Structures are given as C-alpha cells and as structure tokens.
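Student: Can you read through this structure? Questions will come right after.
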Amino acid sequence: MAINRETLDRIKNSKREDSNMVLDVDETIVQAVNNLNEANITTIDGNETYNASEIIEDQIHDGATQEAILVETEVDDNEENIAEDVLSNAKSVSSRNVSRTIGKAGAISIVNANTGNRITIARECYSAIGNPSKVQFALTDNNLIVGEKVLENNNDFNVKESSGKAIIYSSALVREITDNFNLDFSNRTSLTFSDVQYSNADDVQIMIVKIK
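Heads up: the sequence shown begins at 17 in our numbering, then just goes up one per residue.
Structure below.
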C-alpha cells in the first residue's frame, strides 16, 4: 500500500480529539488499516516502510499517556491547593509541653501522731529485706538503715505485719530518728521517704533510705 509523505506525516502527528480516541486521519486510511491489520505503508518514493496498525497504536498510546500525565498533574495540584487552604485556616495550639517527674512509691513512713508513733515499711521494701519478724535500725547523717541484722547490736524491734506492710510501734525510736534528722512534724503527722537502695551485709539484705 503506497501513501505520500504528507498523509504519512498526518498519521504520525495526529492528535487525540476526545476521550473516545477519535484521531484526525482520513476515514479511508483508518478503514484500510482496520481491514489490513498487518498492512505495511510505503512512501511513494519507496524509501520508507511503516506498519500502519503500529502507527495508529502508537498514536493512541501516546494520547493516553499524555492524558494520564495531565490527570496526575491536576490531582497533585488539587491536593496541594487543599493542603494550603487547610494550613491557611489553621492556628497553633496554645498548650505547651510540660515535663513531669513521676515520684517513686513511698518506701518508709515515719508517723508522729496522738494515735501512736510508728514506722511503716512498704510491702515491696519489706519483702526485699526478707519479711523478718524483727528488724534493727542504724543511722547516718543522711540515711536510715533497716534490716534483720544491722551492725553488731541487739536492739531488735518487733514487726507487726498488716496487708504485707511492716509496722514498728516505738515512740522512742520515732523520737530518736526525728532528732537525728531534724524532722519537722509541726504541720503534719507523718513523713514519707521514697529514695531507697538495697545492700547485702553479712548475707543479710538491708535497705538504705535517704532521709536528707
């Protein structure tokens, strides 16, 4: 099938006119291509040969690709415009981040009240030192030490267990601890301390509570 270069160029450069893929080519040429799917188109001068169906398919493919690019670009532009609209109407929150220190559970409480002077050891701490039925105390400038055996002394204090806690009733002991650390009970009846460490002394587990 022979065709002049002008018509061939029209086929190769034709543009898609609408979404139904209608091409700007002669109906006779389109019909010929439809009837001869494998037809070769040769220029009049005989220098070039093309497959007609491939030319049409290339044009359709190029048109669809161009449309896809245009649609994608439009979607990106729309999303960008929406984001800009949202941000233009937004305002910063007025709240500020606040750091909080989460306190430890109380390890030991010293109670100085009319109902009775006593020392209460928290369940976890009492369990950590072995749940002894008797305990001993020792003092430093800053710490209160508690365990079944502390140093070489015979000053044992009986423990009354209540809900897993250890309670030691002793007005003299509370008074001595109060004086040693200059504790102030003027506006309260109890003081609780949470900074505790554990140590093993002569195979006996002891707790060391920082008071000041």
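We treat Cβ as the ideally placed atom computed from N, Cα and C, and that holds for glycine. Model, not experiment: these values are computed from the prediction.
Please report the residue range of the alpha helix (DSSP H) in which Ser143 lies.
Tutor: The residue labelled residue 143 in the question sits at position 127 within the sequence shown. Counting along the chain, the alpha helix (DSSP H) containing Ser143 begins and ends at Arg139 to Ala144.
Student: Exposed or buried, which one is Gly180 when buried takes at least 16 other CB atoms within 10 Å?
Tutor: Here residue 180 is taken as the residue at index 164 of the sequence shown, counted from 1. Exposed, because fewer than 16 other Cβ atoms sit within 10 Å of the Cβ of Gly180.
Student: For Arg204, is the classification buried or exposed, using 16 other Cβ atoms within 10 angstroms of its Cβ as the cut-off for buried?
Tutor: By 1-based counting over the sequence shown, the position of residue 204 is 188. Per the 10 Å Cβ criterion, exposed.
Student: I need the boundaries of the alpha helix (DSSP H) containing Phe209, first residue and last residue.
Tutor: If you number the sequence shown from 1, residue 209 lands on position 193. Membership of Phe209 in any alpha helix (DSSP H) is not indicated; the residue belongs instead to the beta strand (DSSP E) covering Ser206 to Phe209.
Student: Which of helix, strand or coil does DSSP assign to Val166?
Tutor: Residue 166 sits at position 150 when you count from the first residue of the sequence shown. The answer is coil: DSSP assigns Val166 none of H, G, I, E or B.
Student: Give every residue of the same chain whose Cβ lies closer than 8 angstroms to the Cβ of Asp172, excluding the five residues on either side of it in the sequence, and list them in chain order.
Tutor: Looking up residue 172 in the sequence shown gives position 156. Cβ within range, chain order: Lys150, Val151 and Gln152.
Student: What is the DSSP secondary structure of Ile227, counted as helix, strand or coil?
Tutor: The residue given as residue 227 occupies position 211 in the sequence shown. It is coil, neither helix nor strand.
Student: Who are the near neighbours of Asn196 in its chain, counting only those whose CB is closer than 8 angstroms to its CB and skipping five residues on each side?
Tutor: Looking up residue 196 in the sequence shown gives position 180. Counting only Cβ-Cβ distances below 8 angstroms, and skipping sequence neighbours, we find Leu155.
Student: Which residue comes first and which comes last in the beta strand (DSSP E) that contains Asn203?
Tutor: For the purposes of this step, residue 203 is identified with residue 187 of the sequence shown, where counting begins at 1. Element bounds for Asn203: n/a, residue is neither H nor E.
Student: Are the stretch 161-169 and the stretch 185-196 touching by the rule of at least three beta carbon pairs closer than 8 angstroms?
Tutor: no
Student: To the nearest angstrom, report how far apart Asn174 and Thr136 are at their CA atoms.
Tutor: To locate residue 174, count along the sequence shown from 1; it is residue 158. To locate residue 136, count along the sequence shown from 1; it is residue 120. Rounded to the nearest angstrom, the two C-alpha atoms are 12 angstroms apart.
Student: Can you give me the Cβ contacts of Phe201 inside the same chain, cut-off strictly under 8 angstroms, excluding the 5 residues immediately before and after it?
Tutor: Numbered from 1 along the sequence shown, position 185 holds the residue referred to as residue 201. Closer than 8 angstroms at the Cβ level, and outside the excluded window around Phe201, lie Asn128, Thr194 and Leu207.
Student: For Asn105, which residues in the same chain have their Cβ closer than 8 angstroms to its Cβ, ignoring the five residues on either side in sequence?
Tutor: Position 89 of the sequence shown, counting from 1, holds the residue named residue 105. Reliability of the predicted coordinates at Asn105 is poor, the pLDDT of 43 falling under 50, and the value obtained from them is presented with this limitation in mind. Here Asn105 has no same chain residue with a Cβ atom under 8 angstroms from its own Cβ, once five neighbours each way along the sequence are excluded.
Student: Excluding five sequence neighbours on each side, which residues of the same chain lie with their C-beta closer than 8 angstroms to the C-beta of Gly122?
Tutor: One-based indexing of the sequence shown puts residue 122 at position 106. Excluding residues up to 5 positions away in sequence, Ala138, Thr208, Phe209 and Ser210 lie with their Cβ nearer than 8 angstroms to the Cβ of Gly122 in the same chain.
Student: Look at the Cβ atom of Ile227, then the Cβ atom of Gln213, and state whether they are nearer than 7 angstroms.
Tutor: What you label residue 227 is simply residue 211 of the sequence shown in a count that begins at 1. What you label residue 213 is simply residue 197 of the sequence shown in a count that begins at 1. It is not a contact, given that the beta carbons lie outside the stated cut-off.
Student: Let me confirm a value: Asn198 is counted as buried when at least 16 other C-beta atoms fall within 10 Å, else exposed. Which label applies?
Tutor: Taking the sequence shown and counting its residues from 1, the one referred to as residue 198 is at position 182. Answer is exposed; the Cβ neighbour count stays below 16.
Student: Output needed for Ile124: all residues of its chain with C-beta closer than 6 angstroms, excluding positions within five of it in sequence on either side, in chain order.
Tutor: Start at 1 with the first residue of the sequence shown, and residue 124 comes out as number 108. Close CB contacts of Ile124 within its chain, under the 6 angstroms cut and outside five residues either way in sequence, are with Ile137, Phe209 and Val225 (chain order).
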